[in-house]
Amino acid sequence: MFDPRIPSNSCHTHAARRAKVKESSNSKLSLASEWHNFGVFSFLSGLQVPKLDGNGFGGSIPVGILKCQNQVLVSITSNQITGTVPDGFSIAFPKLKNLDISRNAIQGRSLDISGMKSITYLNISMNLFEGSVMGAFEAPLEVIDLSQNQFYGHISQVNANSSFNWSHLVYLDLSENQLSGESFHDLNDAHNLKHLNLSHNRFSQQEFPEISKLPSLEYLNLSRTSLIGKFPTEISYLTSLSTLDLS
């Protein structure tokens, strides 16, 4: 099964020798700190890979982090971060490829993270984002995980975004939100999609979506999506499929 883990940054090994600060990593310090006190971020202009996963950091995302414009990866998953995304966050990091702020209590809308031209990995799952998901469908994204938030609205809004290149997409999880309407009409353009989870939303009653042109699909979860009609025989064409959940 496809694993959308953040890729390593071995390509930056040589560059690390020339920079004063390239990577900030900790080993699950279990700190209950108001991390907005981390004013030091304002001075770490060379920081590329801040990884602060699995601690007890609370408070809001520090504004000072916006000055670290060389970042290629930001990972602050599994903390206790609250508040909203700082203004200008989406345009502050022109080199950013991987953003993981999952498993926190961050509030916002998809537009707060739109406009990142280089990003390929986006995980904001298990937060308090709401509104339309349309702002997330930009850039050459390969991984999109918006699951377990409070997104709502008609899913056709995404279909209207004709500029999104579905062929790059490998992993898509929109499960456990409040999305409505019928599922995507553009899925057949996602030829490289391996993981698709649309479960537990408020979609209208609909027949099984057209997925026969997704030859790479390995995981499909459409549980609680109000499916009706006949079970498609075309699913037999998905020879790579290992997990199917229609419960």
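Numbering (this note's numbering), first residue to last: 925 to 1171. Note that the Cβ used here is the ideal one computed from N, Cα and C, for glycine as well. Since the model is a prediction, treat every value here as computed from it, not as a measurement.
query                                                                                                                                                                    : result
Taking the straight line between their C-alpha atoms, what separation do you get for H1124 and L1098?                                                                    : 9 Å
Please report the residue range of the beta strand (DSSP E) in which I1068 lies.                                                                                         : 1067-1069
Once you ignore the five residues that flank F1053 on each side, which residues in its own chain have a CB closer than 6 Å to its CB?                                    : G1032, N1073
Quick check on the DSSP output: the beta strand (DSSP E) that includes P974 runs from which residue to which?                                                            : 973-975
Tell me where the beta strand (DSSP E) around D1011 begins and ends.                                                                                                     : Premise fails: D1011 is in no beta strand (DSSP E) and is neither H nor E.
Is there a C-beta anywhere in chain D that falls below 8 Å from the one on L990?                                                                                         : Included in the structure is just one protein chain, with no chain D present.
Who are the near neighbours of T1167 in its chain, counting only those whose CB is closer than 6 Å to its CB and skipping five residues on each side?                    : Y1143
Put S1091 into one of helix, strand or coil per three-state DSSP.                                                                                                        : helix
Could you give the DSSP three-state label for V1057: helix, strand or coil?                                                                                              : coil
Which value, in whole angstroms, describes the spacing of the CA atoms of F993 and N1145?                                                                                : For the record, residue 993 in the displayed sequence is Gln; it is not Phe. Each residue's Cα considered, the two are about 37 Å apart.
Mapping DSSP to helix, strand and coil, what is S957?                                                                                                                    : Its pLDDT being 49, under 50, S957 is placed unreliably by the model, and nothing is read from it.
For H1078, list the residues DSSP reports as bridge partners.                                                                                                            : S1104
Assign S951 to buried or exposed, taking buried as 16 or more other Cβ atoms, counted over all protein chains shown, within 10 Å of its Cβ.                              : Because S951 carries a pLDDT of 44, less than 50, the predicted location of this residue cannot be relied on, and no value is offered for it.
If you reduce the DSSP assignment to three classes, tell me which class N1121 lands in.                                                                                  : strand
My assumption, with CB atoms under 8 Å, is that S1042 sits in contact with A1063. Please give the rounded CB distance.                                                   : 7 Å
Please report how far the alpha carbon of I1135 lies from the alpha carbon of G983, in whole angstroms.                                                                  : 42 Å
Is the beta carbon of L1138 less than 8 Å from the beta carbon of L1162?                                                                                                 : yes
Can you have a look at I1079 and say buried or exposed, based on whether 16 or more other CB atoms are within 10 angstroms of its CB?                                    : buried
Can you list, in chain order, the residues of its chain with a C-beta nearer than 6 Å to that of G1059? Leave out the 5 residues immediately preceding and following it. : S1034, L1035, S1038
Out of I985, S1091, A1016, T1001, state which residue places its alpha-carbon closest to the alpha-carbon of G1007.                                                      : I985
What do you get for Q892, buried or exposed, if any count of 16 or more other CB atoms within 10 angstroms of its CB means buried?                                       : The structure shown does not extend to residue 892, since the chain is modelled only from 925 through 1171, so no value can be given for it.
So, N1022 versus I1005, is the Cβ gap smaller than 8 Å?                                                                                                                  : no
So, with DSSP's three-state summary, where would you put T1157?                                                                                                          : helix
Among M1040, D977, L1020, which residue has its Cα nearest to the Cα of V996?                                                                                            : L1020
F1127 bridges to which residues according to DSSP?                                                                                                                       : G1105
Is the separation between the beta-carbon of V1067 and that of N1051 shorter than 8 Å?                                                                                   : no
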